[in-house]
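Scroll down for the structure; my scribbles are underneath it.
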């Protein structure tokens with residue numbers, strides 16, 4: 001049996017994606033019956049700006065998928081359907097509505113749609129980048145480097161470290177709440 005919490009410190013927060021999906025499914029039957037998919041805000045903004053809002057086409061950012069939706073390359077993406085269904089039968093089928101492929105923040109989502117170019121006063125053809133979690137974007141803005149701990153403080157705090165994958169053992173680092181290759185800087189494992 002795969003431990004899908006192995007790369008999130010053996011735990012899972014009520015603030016993360018699957019917990020939020022399950023909360024809505026359990027507490028709001030009207031939304032549950034009408035909803036088709038769940039899309040992270042950091043993915044939705046790029047999708048909306050480029051006009052690619054079909055859930056199957058929305059690019060999923062590695063940062064949010066890895067740190068919030070238990071995505072990991074060692075199990076080829078998201079947790080298994082059987083795992084999610086065992087947590088709660090309400091989660092049955094939701095995995096397939098998440099795009100399992102993820103992209104790193106150096107990739108474009110596409111170009112801004114004519115509608116949003118006009119609404120925002122931007123040139124048509126403006127490139128829209130892939131989203132990421134705010135603290136991780138702050139670490140990039142702080143010029144995070146391998147082996148240097150970067151502390152981001154805002155509405156919460158987040159300590160972030162990156163290192164080359166070839167410097168790690170195959171086993172997850174215990175106690176780290178998120179260990180995802182490419183989640184902060186492409187080609188480096190983000191902790």
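In full-length UniProt numbering, the protein residues as written are 1 to 191. Note that the Cβ used here is the ideal one computed from N, Cα and C, for glycine as well. None of the values given here were measured: they were computed from a predicted structure.
- By the CB criterion at 9 Å, residue 177 and residue 11 fall inside the cutoff.
- Just measuring C-alpha positions, the residue of 4, 124, 135 and 17 sitting nearest residue 49 is 124.
- Per DSSP, reduced to three states, the secondary structure at residue 24 is helical.
- The straight-line gap separating the alpha-carbon atoms of residue 171 and residue 164 is approximately 15 Å.
- The C-alpha of residue 69 lies about 16 Å from the C-alpha of residue 55.
- Counting only unbroken stretches of 3 or more residues, the beta strand (DSSP E) elements lying wholly within the region 84-148 are 108-111 and 127-129, in sequence order.
- The Cβ atoms of residue 101 and residue 64 lie no closer than 9 Å to each other.
- A straight-line Cα-Cα distance of about 12 Å links residue 121 and residue 113.
- Between residue 168 and residue 149, the C-beta spacing is not below 9 Å.
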